[in-house]
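First up is the structure itself, then whatever we jot down about it.
Residue numbers (the numbering used here), protein chains in the order written: chain A, -12 to 124; chain B, 3 to 403; chain C, 55 to 199.
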């Protein structure tokens, strides 16, 4: 396998950025840490700084105020970084794509490696998506 | 080790120019002033509503906030049904109240978990969120989704709760009662939690009236307002329950109100289930042909307080104007009173105590020097300070290990 | 107290300022008042009668800029809304935020979305528009032909 695949084989550290979201996705992501789903058994941790992250999770529709922050975040992220767009809003803007402050979707601002649709996607779907991304089946 | 105790919630950006939600201006340890910055979440929902049909608006308003997601369709339905002058069936009333109270349960459990995290009780956080799961499973069984239930429509509800499902719901509720006993015991009797929350983040009765705060924030200061009692709707006048209040107005009182409200919610749901068994299955909606011209004001008691929807109809398929006010809008403003004069270490829990919508809690606060305006601490640091304070209290012997 | 009684009381106290009774039904009342009388009537509701300010809803219609100030009498479940119509070119009205803090943010928001000026507001600064839209743009205003 290539160097990138080797790096991402296990123990992904994940940084989460919530745009203009309703929080359903944020809570389902956080839910992945709790005893029922327990992401940590895969060695997956939520980290507090983008500089420690292997994966950038983005959810919520991106509004004009968030756009610059997202670009800056991506710039600061150590490469290679995998970007995952979560939820209908992250993937396409969802119901808020017609809003006057909409500046997205995520893949119009930064390159995206994976999409996990849903409103919100269940923790099982989020875990399946991230694990799939890491090369595990 | 330290990575595990500080579970970061959401995107704390240690970027230099990050505008946090609350800027605390500090003089040494004491908070002297607070500025609130927002706009990061603005999605022009009120304007979007004018381009959707009444049926579509329900899906839109459900996504205003994920935790209070049912309260918005609830208030909107009340407003529109007021304009149309219709009354829904009893079965629809019971179902609406069941969904509303299940949401209150899961929301308060979520809050208990977050409060636990901010105080350094990560076990409480894990437990509370673990006990939330069966409630979310119930939602999935009844509505098909763990969040955003799409249950409301003008004239009733979209899906029935079949009587065959009722025994399952009853079982989950009776288990939940025992789990809440556990949580309540762990939180309410712990002397360290007492030390961290009593006298902290106090809002007086006069503060509540001046800011027109609502929900548990108001009830914890002895102001007994609750839309379910004051302006009754759905099945609330059909069942027996009481409004929970506390005196003290501090973080402890707010926690007490939320914990006790969970028991009331369970009781309301159980009575509504009894009600479902007495009325005809399937009778969940009435036909509505059009929404006439008119004005309606609808409200509902969300877990955080009064949700208010004001709808102006011009007789067409879409609202001509739809004004939405979530409870956090009036509650968050009270931080001016609850945080100023306190230490920075107490700031996080005081802010969390009014239970701002989670997206607000994510980017909570940063501390700035009051004279130089320089940023001193970011959100992560503030939580760290809060955890340190808890450790100090524990070590000084005020608590147990 | 029934809505009719409440509205009668207000009409008696503020005869010259009451323009119309738009809605009078169980637990809901809307009165159109002269915008110059807003502070006096709001003060009567808040200080003398103990109403709670819920929120204010602004609209842009052919008549001009309209605002509904919603007050709640929690003991009876009544929502009493004071309706004012402001000038089309220069919409302005006295701020309520010197009387209580509850209206502070919504007046700032209405200023940003509609361009309504709230006179003597303690801090009419940006609340939600920073970074979201440009100065002088009022996104909730409509175009009328």
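Glycine included, every Cβ here is placed at the ideal spot set by N, Cα and C.
It should be emphasised that the depicted structure is a prediction, and the values quoted were computed from it without experimental measurement.
Is residue i helix, strand or coil when you go by DSSP?
i	result
residue 253 of chain B	helix
residue 386 of chain B	helix
residue 241 of chain B	coil
residue 13 of chain B	Its pLDDT being 35, under 50, residue 13 of chain B is placed unreliably by the model, and the measurement read from it follows with that caveat. If DSSP states are grouped into helix, strand and coil, residue 13 of chain B belongs with coil.
residue 108 of chain B	helix
residue 345 of chain B	strand
residue 44 of chain B	coil
residue 35 of chain B	strand
residue 338 of chain B	helix
residue 144 of chain C	coil
residue 214 of chain B	coil
residue 2 of chain C	With chain C running from 55 to 199 in the structure shown, residue 2 of chain C is simply not present.
residue 16 of chain A	helix
residue 121 of chain A	coil
residue 28 of chain B	strand
residue 307 of chain B	strand
residue 364 of chain B	Because residue 364 of chain B sits at a pLDDT of 42, beneath the cut-off of 50, its placement in the model cannot be relied upon, and the following sentence gives the value as read from the coordinates. Reduced to three states, the DSSP call for residue 364 of chain B is helix.
residue 91 of chain A	coil
residue 8 of chain B	Caution is warranted here: a pLDDT of 26 is assigned to residue 8 of chain B, below 50, making its placement in the model unreliable, and no coordinate value can be reported.
residue 75 of chain B	helix
residue 118 of chain C	strand
residue 198 of chain C	coil
residue 148 of chain B	coil
residue 295 of chain B	strand
residue 28 of chain A	helix
residue 20 of chain B	Residue confidence is low: residue 20 of chain B scores 42 on pLDDT, short of 50, so the model does not pin down where it sits. No coordinate-derived value is stated.
Are any of the Cβ atoms in chain B nearer than 8 angstroms to that of residue i?
i	result
residue 113 of chain A	no
residue 22 of chain A	yes
residue 176 of chain C	no
residue 203 of chain C	Residue coverage of chain C in this structure runs from 55 to 199, which leaves residue 203 of chain C outside it and unanswerable.
residue 9 of chain A	yes
residue 111 of chain C	yes
Verify whether the separation of the beta carbon atoms of residue i and residue j is less than 8 angstroms.
i	j	result
residue 70 of chain B	residue 225 of chain B	no
residue 112 of chain C	residue 124 of chain C	no
residue 136 of chain C	residue 170 of chain C	no
residue 333 of chain B	residue 202 of chain B	no
residue 108 of chain A	residue 132 of chain B	no
residue 117 of chain A	residue 71 of chain A	yes
residue 156 of chain B	residue 321 of chain B	no
residue 113 of chain A	residue 82 of chain A	no
residue 142 of chain B	residue 134 of chain B	no
residue 326 of chain B	residue 9 of chain A	no
residue 83 of chain C	residue 167 of chain C	no
residue 50 of chain A	residue 2 of chain A	no
residue 335 of chain B	residue 177 of chain C	no
residue 4 of chain A	residue 33 of chain A	no
residue 290 of chain B	residue 79 of chain B	no
Using a C-beta cutoff of 8 angstroms, does residue i count as contacting chain C?
i	result
residue 87 of chain A	yes
residue 18 of chain B	Only weak support exists for where residue 18 of chain B lies, its pLDDT of 29 falling under 50; the coordinates are left without a value.
residue 50 of chain A	yes
residue 331 of chain B	yes
residue 366 of chain B	With a pLDDT of 47 at residue 366 of chain B, under the threshold of 50, the modelled position of this residue cannot be trusted; read the value that follows with caution. No - not a single Cβ of chain C is within 8 angstroms of the one on residue 366 of chain B.
Any beta carbon from chain A within less than 8 angstroms of residue i's own beta carbon?
i	result
residue 62 of chain B	yes
residue 1 of chain B	Outside the displayed span of chain B (3 to 403) sits residue 1 of chain B, for which this structure offers no information.
residue 49 of chain B	yes
residue 186 of chain C	yes
Could you tell me which chain F residues have their CB closer than 7 angstroms to the CB of residue i, listed as they occur along the chain?
i	result
residue 83 of chain A	Structure shown: chain F not included; protein chains present are A, B and C.
So, under 8 angstroms CB-CB, residue i and residue j are touching, yes? Tell me the CB distance rounded to an integer number of Å.
i	j	result
residue 241 of chain B	residue 208 of chain B	Contact flag wrong, Cβ pair sits at about 33 angstroms.
residue 48 of chain A	residue 6 of chain A	6 angstroms
residue 198 of chain B	residue 351 of chain B	7 angstroms
residue 45 of chain B	residue 86 of chain A	5 angstroms
residue 218 of chain B	residue 348 of chain B	That belief does not hold up - the Cβ atoms of residue 218 of chain B and residue 348 of chain B are roughly 19 angstroms apart, past 8 angstroms.
residue 77 of chain B	residue 214 of chain B	Not confirmed; about 17 angstroms, so no contact.
residue 68 of chain B	residue 14 of chain A	6 angstroms
residue 340 of chain B	residue 189 of chain B	Contact flag wrong, Cβ pair sits at about 20 angstroms.
residue 286 of chain B	residue 91 of chain B	7 angstroms
Taking 8 angstroms as the threshold, find out whether the stretch 172 to 189 of chain B comes into contact with the stretch 307 to 327 of chain B through three or more Cβ pairs. By the C-beta criterion, the stretch 172 to 189 of chain B is judged not to be in contact with the stretch 307 to 327 of chain B, since fewer than 3 inter-stretch pairs fall below 8 angstroms.
Three or more beta-carbon pairs under 8 angstroms between the stretch 153 to 167 of chain C and the stretch 137 to 144 of chain C, yes or no? The stretch 153 to 167 of chain C vs the stretch 137 to 144 of chain C: no contact.
Given 8 angstroms, three or more beta-carbon pairs between the stretch 99 to 113 of chain A and the stretch 47 to 65 of chain A: Output reads no: the stretch 47 to 65 of chain A does not touch the stretch 99 to 113 of chain A.
I want to know whether the stretch 97 to 110 of chain B touches the stretch 231 to 240 of chain B - three or more CB-CB distances under 8 angstroms. Cβ pair count under 8 angstroms is three or more, so yes.
Across the stretch 117 to 125 of chain B and the stretch 165 to 174 of chain B, are there enough close Cβ pairs to call them in contact, namely three or more that are closer than 8 angstroms? Short answer: they don't touch.
Assess, as a yes-or-no matter, whether the stretch 241 to 251 of chain B is touched by the stretch 261 to 271 of chain B under the definition of 3 or more beta carbon pairs within less than 8 angstroms. Cβ pair count under 8 angstroms is three or more, so yes.
Stretch pair the stretch 249 to 267 of chain B + the stretch 292 to 300 of chain B: three plus CB contacts closer than 8 angstroms: No, the stretch 249 to 267 of chain B does not touch the stretch 292 to 300 of chain B.
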